[in-house]
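All residue numbers for the sequence shown refer to the numbering used here, where the first residue is 1 and numbers rise by one.
C-beta: ideal position from N, C-alpha, C; glycine also.
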Amino acid sequence: MGPTVNYVDFAVEGVQALRPYEPGKPVEELQRELGLNDVIKLASNENPLGASPRVVEALRDQAPDLASYPDGSGYRLKRKLAERHRIGADRITLGNGSNDVLDLVARVFLGPGRAAVFSEYAFAVYPLVTRAVCAEARVAPARARDDAMPLGHDLDAFAQRIDADTRVVFIANPNNPTGTWLAPDDIDAFLRAVPAEVVVVLDEAYRDYLEPGERVESRALLERHPNLVLTYTFSKIFGLAGLRVGYALANAQVTDLLNRVRQPFNVNSAALRAAELALDDRDHLERSLAVNREGLTTLGQALDHRGLERLPSQGNFVTFSVAGDAQPVFQSLLRQGVIVRPLGGYGLAQWLRVTVGTPEQNARFVEALDRSLDGV
1 MGPTVNYVDF AVEGVQALRP YEPGKPVEEL QRELGLNDVI KLASNENPLG
51 ASPRVVEALR DQAPDLASYP DGSGYRLKRK LAERHRIGAD RITLGNGSND
101 VLDLVARVFL GPGRAAVFSE YAFAVYPLVT RAVCAEARVA PARARDDAMP
151 LGHDLDAFAQ RIDADTRVVF IANPNNPTGT WLAPDDIDAF LRAVPAEVVV
201 VLDEAYRDYL EPGERVESRA LLERHPNLVL TYTFSKIFGL AGLRVGYALA
251 NAQVTDLLNR VRQPFNVNSA ALRAAELALD DRDHLERSLA VNREGLTTLG
301 QALDHRGLER LPSQGNFVTF SVAGDAQPVF QSLLRQGVIV RPLGGYGLAQ
351 WLRVTVGTPE QNARFVEALD RSLDGV
């Protein structure tokens, strides 16, 4: 017998209106549903080369440690990160993926009567963590489709939505799911204009994919703006999405606040060790970047050749429009064993996002896309 009361009514107001985050469709799920054996997943912006071979080899020896709790302070990983970013370990917060760190920011600085600002087509976790703590979500309209940076962040629109109730601003650079990015000077100017009591989260999950000349000197900005929080993940270029590890850099006081609400042992032992080793494997990082640069060019040219509108991207994915409802094309790709990401949940019903894969995976996607477009 089901419940006799509607427990939704007893949830806090912000949670009542939420819908669960929808991840990219798992390979195993599609195999079960359609009886397919040969499936590729280009839906979740994972590194097609996987983790560093050093990481894979080291994890084979983790079994004896499984009965012990991990180092709750993450001492060794923090030491590596402190060297990488030239920052004190007391300014680093570790998270179970960068999503965890975003949630910590919301729990510390947001709540009833407070507001967060983020872009119209921004990472789905921003509204999720904002509304979960019963804060107001203020959505800044994205740039127009005919803009030089179509559907990208409009920082003027952000500024217009900041007032005395605003406590957090979420900026993704590059942005997911659009792949668009902001000029370094624009970010600097925005930070100079934001009140000191407003925490600005600069989400740099895809920073490594930016061309060097497009990268903001975020570490330097952190010294000039005590209200800045930088967030990073090991799920993308480092290929550790399955282990869930991310981190934030901030001033020591903000870091202390984040650690007050951080769950004990929120990063597991395997993730801590893998992240340490991944930071040392520069060769794997360079190979991953080379594969991504080539793949972005290949996919972009293929979409252009077919007359499909696409957004400029400096991530590890391309977002494109099929002009009509994208669901028929998405379903057709699934039947061919190719998983991409529909963006209807972001309010982009005509758009799909495809992760850059290996050359073979990219070619298979393009062939499947042709068949899908012919069939709709």
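Legend entry - Proximity below 9 Å, CB of L77 to CB of E276: yes
Legend entry - Residue from L66, A159, A270 and A368 with nearest C-alpha to A51: A270
Inset, instruction - List the residues that DSSP assigns as beta-bridge partners of A116. - result: A137 and V168
Inset, instruction - Under the assumption that Q314 contacts E214 (Cβ atoms under 8 Å), give the Cβ distance between them as a whole number of angstroms. - result: 6 Å
Legend entry - Residues near V8 by beta carbon distance below 8 Å, same chain, minus five either side: Q16
Legend entry - Beta bridge counterpart(s) of L155 as assigned by DSSP: Paired residue(s): none; L155 is not in a bridge.
Legend entry - D203 in three-state terms, based on DSSP: strand
Inset, instruction - Could you work out which residue in G375, T4 and K41 is closest to P342 when comparing CA atoms only? - result: K41
Legend entry - Nearest residue (CA-CA) to P23, options Y346, V261, G111 and G375: Y346
Inset, instruction - Whole angstroms is fine: what's the gap from G242's alpha carbon to N175's? - result: 21 Å
Inset, instruction - Measuring alpha carbon to alpha carbon, tell me which of R273, D374 and N292 ends up nearest R60. - result: R273
Legend entry - Segment contact flag, the stretch 214-229 with the stretch 327-334, C-beta cutoff 8 Å, min 3 pairs: no
Inset, instruction - Find out if the Cβ-Cβ distance for the pair V101, F118 is shorter than 9 Å. - result: no
Legend entry - For Q350, three-class secondary structure by DSSP: strand
Inset, instruction - Evaluate contact between the stretch 247-263 and the stretch 312-326, counting only Cβ atoms and requiring at least three cross-stretch pairs below 8 Å. - result: no
Inset, instruction - Keeping to the same chain, check which residues put their C-beta closer than 7 Å to that of G307; ignore five residues upstream and five downstream. - result: none
Inset, instruction - Quick one: grab the DSSP three-state call for Y7. - result: helix
Inset, instruction - Can you tell me the Cβ-Cβ gap for A43 and I339, rounded? I've got them flagged as a contact below 8 Å. - result: 5 Å
Inset, instruction - List the residues that DSSP assigns as beta-bridge partners of V338. - result: I40
Legend entry - Whole-angstrom C-beta distance between A116 and R192, which should lie under 8 Å: In fact, because the Cβ distance is near 20 Å, the residues do not count as touching under 8 Å.
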